[in-house]
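Peer 1: Numbering (the numbering used here), first residue to last: 62 to 312.
Structure representation (structure tokens):
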């Protein structure tokens with residue numbers, strides 16, 4: 062890590078412009094891009110150009126686990142005005158932040174630590190009018206949509222017995238073929254994950270209302286189970302949580 066300069070200052074609002082308090086802001090990745098190449102990519106709204114800027118330096122902190130990152134740069138929480146400050150990031154470093162709260166989308170916001178206007182680049186180049194990646198400057202305001210918590214059980218396909226210590230993650234959002242709007246597919250979703258408890262139960266937050274979402278269950282390697290996936294449709298009218306059960310087969 063380089064010596065930190067000014068902190069990142071952000072403010073989160075809901076779709077009606079109201080501040081979002083008590084949202085946890087976490088660091089997922091930290092990189093040192095080639096700045097001239099990155100600014101060129103922003104100007105051209107080019108995802109390929111973005112990758113070129115990242116790969117040109119090969120400098121980042123990409124091999125740390127989530128817990129190690131949390132110790133290196135502790136999470137912060139928004140105040141009553143939806144504002145937060147995050148220290149520890151140097152000038153011109155690029156940090157990917159994720160948002161965590163019970164009813165707030167767990168979106169990814171990329172922040173380049175310099176003054177700049179927010180830029181959006183297509184998440185997938187094949188869908189230029191589809192989902193967008195957000196790149197903000199050091200000081201920014203960001204509007205976040207709602208989410209619907211999902212909870213349920215992971216069980217043995219044949220016996221119905223619960224399967225403990227199973228990793229449950231969001232494999233994708235708005236998948237094609239699921240009836241979602243074309244081009245809204247998002248693949249940067251694996252930060253939304255949890256683990257089943259001793260009774261096979263899980264609860265995962267951050268998924269937006271919509272159709273075509275996919276949950277993936279990965280049982281522990283010590284158990285003779287195969288991975289399984291489950292399609293999920295969410296509505297803001299689902300109440301406190303949507304109940305989803307996943308069955309895994311022995312391999």
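Every residue, glycine too, gets a C-beta built ideally from N, C-alpha and C. Being a predicted model, the structure only gives us computed values, none of them experimental.
Are there three or more Cβ pairs, one per stretch, closer than 8 Å when the stretch 218-234 is compared with the stretch 176-190?
Peer 2: No contact exists between the stretch 218-234 and the stretch 176-190.
Peer 1: When you compare each of 291, 136, 297 and 83 to residue 149 by their alpha carbons, which one comes out closest?
Peer 2: Taking only the C-alpha atoms, the option nearest residue 149 is 136.
Peer 1: Considering Cα atoms alone, identify which of 204, 267 and 279 is closest to residue 214.
Peer 2: Selected option, being the one with the closest Cα: 279.
Peer 1: Excluding the 5 residues flanking residue 202 on each side, which residues of the same chain have their C-beta closer than 6 Å to its C-beta?
Peer 2: Hits under 6 Å: 72.
Peer 1: Count Cβ pairs between the stretch 96-104 and the stretch 73-83 that sit closer than 8 Å; are there 3 or more?
Peer 2: The stretch 96-104, when compared against the stretch 73-83, does not touch it at the 8 Å Cβ threshold.
Peer 1: Would you call residue 271 buried or exposed, if buried means 16 or more other Cβ atoms sit within 10 Å of its Cβ?
Peer 2: The residue is buried, with at least 16 neighbouring Cβ atoms inside 10 Å.
Peer 1: Please report how far the alpha carbon of residue 217 lies from the alpha carbon of residue 95, in whole angstroms.
Peer 2: For residue 217 and residue 95, the distance between alpha carbons rounds to 49 Å.
Peer 1: Helix, strand or coil for residue 99? Go by DSSP, reduced to three states.
Peer 2: Helix.
Peer 1: Below 8 Å, how does it come out for the stretch 262-276 and the stretch 294-310: are there three or more Cβ pairs, yes or no?
Peer 2: Verdict: yes, contact present.
Peer 1: If you run the structure through DSSP and keep just helix, strand and coil, what is residue 217?
Peer 2: Note: residue 217 maps to strand in three-state DSSP.
Peer 1: Would residue 308 and residue 200 be called neighbours here (beta carbons separated by less than 7 Å)?
Peer 2: Not in contact: residue 308 and residue 200 (Cβ atoms no closer than 7 Å).
Peer 1: So, under 8 Å CB-CB, residue 166 and residue 160 are touching, yes? Tell me the CB distance rounded to an integer number of Å.
Peer 2: Indeed they touch by this definition, with Cβ atoms about 7 Å apart.
Peer 1: Just tell me which of 233, 290 and 87 has its CA closest to the CA of residue 138.
Peer 2: Nearest C-alpha to residue 138: 87.
Peer 1: Look at the Cβ atom of residue 222, then the Cβ atom of residue 157, and state whether they are nearer than 7 Å.
Peer 2: Not in contact: residue 222 and residue 157 (Cβ atoms no closer than 7 Å).
Peer 1: Candidates 254, 283 and 268: which alpha carbon is nearest residue 205's?
Peer 2: Of 254, 283 and 268, the residue nearest in Cα terms is 268.
Peer 1: If distances are taken between C-alpha atoms only, which option among 191, 170, 67 and 254 comes closest to residue 357?
Peer 2: For the chain, the structure presents residues 62 to 312; residue 357 sits outside this window and is missing.
Peer 1: Can residue 169 and residue 197 be called in contact, C-beta distance under 7 Å?
Peer 2: No; because the gap between Cβ atoms is not below 7 Å, this pair is not in contact.
Peer 1: If residue 330 and residue 312 are in contact, beta carbons under 8 Å, what's the gap, nearest whole angstrom?
Peer 2: Outside the displayed range of the chain (62 to 312) lies residue 330, so it cannot be described from this structure.
Peer 1: Excluding the five sequence neighbours on either side, which residues of its own chain have a C-beta within less than 8 Å of the C-beta of residue 117, listed in chain order?
Peer 2: The residues are 94, 95 and 98.
Peer 1: Quick check on the DSSP output: what are the complete beta strand (DSSP E) runs of length 3 or more inside the stretch 151-213, in order along the chain?
Peer 2: Counting whole runs of 3 or more residues, the stretch 151-213 contains the beta strand (DSSP E) stretches 155-161, 169-173, 180-183, 193-197 and 200-204.
Peer 1: Cα separation between residue 212 and residue 246?
Peer 2: The straight-line gap from Cα to Cα measures roughly 22 Å.
Peer 1: Per DSSP, what are the beta-bridge partners of residue 57 in this structure?
Peer 2: With the chain running from 62 to 312 in the structure shown, residue 57 is simply not present.
Peer 1: Take the Cβ of residue 114 as the centre, count every other Cβ of all protein chains shown within 10 Å, and call the residue buried at 16 or more, exposed below.
Peer 2: Per the 10 Å Cβ criterion, buried.
Peer 1: To the nearest angstrom, report how far apart residue 140 and residue 219 are at their CA atoms.
Peer 2: Approximately 48 Å between the Cα atoms of the pair.
Peer 1: Along the chain, where does the beta strand (DSSP E) containing residue 233 start, and where does it finish?
Peer 2: First-last of the beta strand (DSSP E) with residue 233: 228-233.
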